[in-house]
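Read through the structure below, which is laid out as structure tokens, and then see the notes.
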DNA sequence: AATGATAGGGTTATCGATAACCCTAAATGT
DNA sequence: ACATTTAGGGTTATCGATAACCCTATCATT
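Residue numbers (my numbering), protein chains in the order written: chain A, 1413 to 1748; chain B, 1413 to 1748.
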């Protein structure tokens, strides 16, 4: 690998002069500047960012940790983050925790040892607390994405889970549904709690009693628990509509329903949080509360960089992006 | 940040001893080893991998460059790569070129300056040649994913585009179709050329003449060119089936068809390369040639690491993974 | 002509970790 | 009892780039 010293020797200057040319600092005559640049091109010089990071104590790398790279919500978010990071002159180090605290742990260690300048962190859930505390202990700035973590006060970009859930359930109620099931994510994820709250509130405001038999808590990733679903459907008074707390759960539920010969929406209405992108483009079927995933990422990086560069006020900033109710055809008036 | 020297001082040993403890090299008594480890934990020590990389001349980082992070094919591939990399003790630096040669260029420079140990490279197309040559000039091992690049002889993992295309078109022909259109990717992408070849071969073997009026070349990402599609459909003898060269194109085509009131498959059969994952899970509609994307990534990393560690034979290895014809309901017998 | 200012560029130490080699006291061999 | 090993650990130089400071012609100033 060619180094700054190789350039220096061939251009007949000192290494420091080369460094100054690269960084446009110090006083260098136009003549030597050109000479040095020419040699750099000839030798195909590429600066070693490890060496640079070591002395500068900063890497110009941001880390993006997401929980599921196969989920369109997170890939859109990643695109937003990437575009934004690029614009601001940072590289992006991706990580995918797979909703798994152990993998998340590993990534945190890797992040720390890479000495990234900041982290955009989509936590797996409440137990991510210790990972965030570790980042904080090491003074790495971070912005939380999507899921709040109790015990951590930091910048965060999230959706309005409660309102989004209310909108979806309101919509179902207005279609005449009274027995509405919730297939939720795990309760140690903040968005799942909020979606539950929104669900409960919508029912309450319409004078419908909340029946715990209608509420399932699973994981945002698993979408096949035939037994649970059976119990749900084989009640004396079964649901006529299902609110799935995210896109994957909705797909799983619909598949399970079909397997039993239950048609959507004829026999059962289904709505969910988060859109399905490609799938909805091909077939605008699912009625959803869509979140602006790209904005999540773009906004997150912006907050993070402000934090890193110290241009942000010290208080933690909480950005809440609204979701949009997109009515399609997976839910219909009851009995119609 | 706490360094190896802080540990050394507190444990009353030299920095070298600490290094030896960390790396399990040299001769250290069990007693001091324990003492050092204890201090490392107390001080929450995390090694600085930049410093490490600088002296070791290797980073334990692999780079994965894909062309479209929103395409399920590449996200599955990424998962495979990630799992495989993790297993082999490497970190993964993601990049997303967006099918854009300029972005790709930027990523290549970043890859070089990061001094990654190797690159899993999904090229945007034939013009990626100079980027690959640059990597080679700098002695960075790489494995090409998915798309071959003329002029570069290297390890590569790709699908069998020609055979996959043949299978799809054979299938359509067996359904009775004779006027079959091809909506292809750009011709400077090897897979698009091969899919075209497979298409042409299938026609030829069935004695059907190839009509260039039925062949469109666009990009794998764009999927809305109303004018081109109009010309295609408004021919004297319009197609009865369309073979889209990838998933995105299929979605775009189907949408455009529907907008015109043309039903799929009643009025027009459609098949494509690559599956749609979530979408197909929700609604098994599109008949596709599905590629084992996860295997692409896993296999790619394996080849790459063998290359890096020198355990591979010098010859370039070409792995071709077959695609699977999944027959669903987007194509049907003509006239039925 | 003497003084100071400035342009242009060089020296040296440093970031954190490790390789290669060196040192010393205790253990071992004969 | 003396020469060797060996266990256990320390010294020094190095990776590539940069900050902070220093040096020396040349130019302007009075």
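C-beta atoms are modelled at their ideal positions from N, C-alpha and C, and glycine is treated no differently.
Query raised in the report: Which one of B:1663, B:1716, B:1516, B:1498 has the shortest CA to CA distance from residue 1519 of chain A?
Result: Within the first chain, residue 1519 of chain A is the residue found at index 107, counting from 1. Among B:1663, B:1716, B:1516, B:1498, the Cα nearest to that of residue 1519 of chain A belongs to B:1498.
Query raised in the report: In the structure shown, what three-state DSSP assignment does residue 1435 of chain B receive?
Result: Reading the second chain from its first residue, position 23 is the one you call residue 1435 of chain B. If DSSP states are grouped into helix, strand and coil, residue 1435 of chain B belongs with the helices.
Query - Inter-residue spacing [alpha-carbon to alpha-carbon] between residue 1657 of chain A and residue 1517 of chain A - result: Indexing the first chain from 1 puts residue 1657 of chain A at position 245. Indexing the first chain from 1 puts residue 1517 of chain A at position 105. A straight-line Cα-Cα distance of about 26 Å links residue 1657 of chain A and residue 1517 of chain A.
**Report entry** For residue 1516 of chain A, the first and last residue of its enclosing alpha helix (DSSP H)
**Finding:** Taking the first chain and counting its residues from 1, the one referred to as residue 1516 of chain A is at position 104. Taken as a continuous stretch (DSSP letters only), the alpha helix (DSSP H) holding residue 1516 of chain A covers 1513-1526.
Query raised in the report: Can a CB atom of chain B be found closer than 9 Å to the CB of residue 1452 of chain A?
Result: By 1-based counting over the first chain, the position of residue 1452 of chain A is 40. By this cut-off, residue 1452 of chain A is not an interface position.
**Report entry** Integer-rounded CB distance, given that residue 1503 of chain A should sit under 8 Å from residue 1534 of chain A
**Finding:** Locating residue 1534 of chain A in the first chain gives position 122, where the first residue counts as 1. Locating residue 1503 of chain A in the first chain gives position 91, where the first residue counts as 1. The pair is not a contact, with the Cβ atoms about 19 Å apart (cut-off 8 Å).
Query - Those residues which DSSP pairs with residue 1571 of chain A across a bridge - result: Translated into positions along the first chain, residue 1571 of chain A becomes position 159. The secondary-structure analysis by DSSP pairs residue 1571 of chain A across a beta bridge with A:1733.
Query - Span of the alpha helix (DSSP H), counted from its first residue to its last, around residue 1719 of chain A - result: Along the first chain, read from residue 1 onward, the residue named residue 1719 of chain A stands at position 307. Unbroken alpha helix (DSSP H) run through residue 1719 of chain A: 1705-1721.
Report task. In the DSSP assignment, find the alpha helix (DSSP H) that holds residue 1490 of chain B and state where it starts and stops. Result -> The residue labelled residue 1490 of chain B in the question sits at position 78 within the second chain. Here the alpha helix (DSSP H) through residue 1490 of chain B covers 1484-1499.
Query raised in the report: Which residue from B:1453, B:1623, B:1710, B:1733 puts its Cα closest to that of residue 1416 of chain B?
Result: Residue mapping note: residue 1416 of chain B aligns to position 4 of the second chain, counting from 1. Taking only the C-alpha atoms, the option nearest residue 1416 of chain B is B:1453.
Requested in this report: Output yes if chain A places a C-beta closer than 9 Å to the C-beta of residue 1511 of chain B; else output no.
Outcome: Taking the first residue of the second chain as 1, we reach residue 1511 of chain B at position 99. No, its Cβ sits nowhere closer than 9 Å to a Cβ of chain A.
Query - residue 1550 of chain B at chain A interface by Cβ criterion, 9 Å - result: Along the second chain, read from residue 1 onward, the residue named residue 1550 of chain B stands at position 138. Yes, because at least one Cβ of chain A sits closer than 9 Å to the Cβ of residue 1550 of chain B.
Query raised in the report: With distances taken between CB atoms, is the gap from residue 1728 of chain B to residue 1577 of chain B smaller than 9 Å?
Result: To locate residue 1728 of chain B, count along the second chain from 1; it is residue 316. To locate residue 1577 of chain B, count along the second chain from 1; it is residue 165. It is not a contact, given that the beta carbons lie outside the stated cut-off.
Query - Chain-ordered neighbours of residue 1663 of chain A on chain B, where CB pairs are closer than 7 Å - result: Counting from one through the first chain, the residue named residue 1663 of chain A turns up at place 251. Chain-ordered, the chain B residues with CB closer than 7 Å to the CB of residue 1663 of chain A read 1690, 1693, 1694.
Report task. Could you please give me the residues that DSSP links to residue 1473 of chain A through a beta bridge? Result -> Position 61 of the first chain holds residue 1473 of chain A. Beta bridge pairing from DSSP links residue 1473 of chain A with A:1503.
**Report entry** Contact set between residue 1485 of chain B and chain A, taken where Cβ atoms lie within less than 8 Å
**Finding:** Taking the second chain and counting its residues from 1, one reaches residue 1485 of chain B at position 73. Simply none; closest approach about 11 Å.
Query raised in the report: Would residue 1498 of chain A count as contacting chain B if we go by Cβ distances under 9 Å?
Result: Taking the first chain and counting its residues from 1, the one referred to as residue 1498 of chain A is at position 86. It does; some Cβ of chain B falls within 9 Å.
Query raised in the report: Listed in chain order, which residues of the segment 1626-1650 of chain A have Cβ atoms closer than 8 Å to some Cβ of chain B?
Result: Listed in sequence order: no entries.
Query - Contacting residues, own chain, Cβ-Cβ under 6 Å from residue 1603 of chain B (five flanking each side not counted) - result: Numbered from its first residue, the second chain carries residue 1603 of chain B at position 191. Sequence-distant partners of residue 1603 of chain B (beyond 5 residues in either direction) whose C-beta falls short of 6 Å from its own C-beta, in its chain, are 1559, 1573.
Query - Amino acids of chain A, ordered along the chain, whose beta-carbon sits closer than 7 Å to that of residue 1666 of chain B - result: Along the second chain, read from residue 1 onward, the residue named residue 1666 of chain B stands at position 254. Simply 1694.
Query raised in the report: Got a sec? Which residues, its chain only, sit under 7 Å from residue 1546 of chain B by beta carbon, not counting five neighbours each side?
Result: Counting from one through the second chain, the residue named residue 1546 of chain B turns up at place 134. Sequence-distant partners of residue 1546 of chain B (beyond 5 residues in either direction) whose C-beta falls short of 7 Å from its own C-beta, in its chain, are 1520.
Query - residue 1611 of chain B versus residue 1646 of chain B: straight-line alpha-carbon distance, rounded - result: Taking the second chain and counting its residues from 1, one reaches residue 1611 of chain B at position 199. Taking the second chain and counting its residues from 1, one reaches residue 1646 of chain B at position 234. Straight-line Cα distance between these residues: approximately 22 Å.
Report task. Give the range of the alpha helix (DSSP H) segment to which residue 1665 of chain B is assigned. Result -> Working through the second chain from its first residue, we reach residue 1665 of chain B at position 253. Note, residue 1665 of chain B: alpha helix (DSSP H), 1659-1671.
Query raised in the report: Given that a residue counts as buried once 16 or more other Cβ atoms are within 10 Å of its Cβ, and exposed if not, what is residue 1634 of chain B?
Result: For this step, residue 1634 of chain B is matched to residue 222 along the second chain. Counting C-beta atoms within 10 angstroms of its own C-beta, residue 1634 of chain B has fewer than 16 neighbours from the protein chains shown and is therefore classed as exposed.
Query raised in the report: So which of A:1510, A:1500, A:1593, A:1744 has the shortest CA-CA distance to residue 1632 of chain A?
Result: As a working note, residue 1632 of chain A is residue 220 in the first chain. Minimum Cα distance to residue 1632 of chain A is reached at A:1510.
**Report entry** Residue closest to residue 1685 of chain A, alpha-carbon to alpha-carbon, out of A:1449, A:1621, A:1608, A:1725
**Finding:** Here the question's residue 1685 of chain A lines up with position 273 in the first chain. When each option's Cα is compared against that of residue 1685 of chain A, the closest is A:1608.
Requested in this report: Using a Cβ-Cβ cut-off of 9 Å, state whether residue 1660 of chain A counts as contacting chain B.
Outcome: Here residue 1660 of chain A refers to the residue found at position 248 when the first chain is read from its first residue. At least one CB of chain B lies nearer than 9 Å to the CB of residue 1660 of chain A.
**Report entry** Contact list for residue 1459 of chain B against chain A, beta-carbon separation under 8 Å
**Finding:** Counting from one through the second chain, the residue named residue 1459 of chain B turns up at place 47. Per Cβ cutoff of 8 Å: 1525.
Report task. Please name the residues in the segment 1421-1440 of chain A whose beta-carbon is closer than 8 Å to at least one beta-carbon of chain B, in chain order. Result -> none
Query raised in the report: Roughly how many angstroms separate the alpha carbons of residue 1470 of chain A and residue 1467 of chain B, rounded to a whole number?
Result: Residue numbering aside, residue 1470 of chain A sits at position 58 when the first chain is read from its first letter. Residue numbering aside, residue 1467 of chain B sits at position 55 when the second chain is read from its first letter. Cα to Cα, the separation comes out at about 18 Å.
**Report entry** Close Cβ partners of residue 1676 of chain A (< 7 Å) along its chain, the five nearest in sequence each way excluded
**Finding:** Position 264 of the first chain, counting from 1, holds the residue named residue 1676 of chain A. Result list for residue 1676 of chain A: 1666, 1669, 1682, 1742, in chain order.
Query raised in the report: Cβ of residue 1479 of chain A less than 9 Å from any chain B Cβ?
Result: The residue you call residue 1479 of chain A lines up with position 67 of the first chain. No, residue 1479 of chain A lies away from the interface with chain B (no Cβ there is under 9 Å from its Cβ).
Query raised in the report: Should residue 1557 of chain B be labelled buried (16 or more other beta-carbon atoms within 10 Å of its own) or exposed?
Result: Along the second chain, read from residue 1 onward, the residue named residue 1557 of chain B stands at position 145. Residue 1557 of chain B should be labelled buried.
Query - Three-state secondary structure (DSSP) of residue 1749 of chain A - result: Only positions 1413 to 1748 of chain A appear in the structure, and residue 1749 of chain A is not among them; the question remains open.
**Report entry** Selection of the segment 1586-1617 of chain A by Cβ proximity to chain B, strictly under 8 Å
**Finding:** none
Query - Contacting residues, own chain, Cβ-Cβ under 7 Å from residue 1714 of chain B (five flanking each side not counted) - result: Numbered from its first residue, the second chain carries residue 1714 of chain B at position 302. Same-chain partners within the cutoff: 1496.
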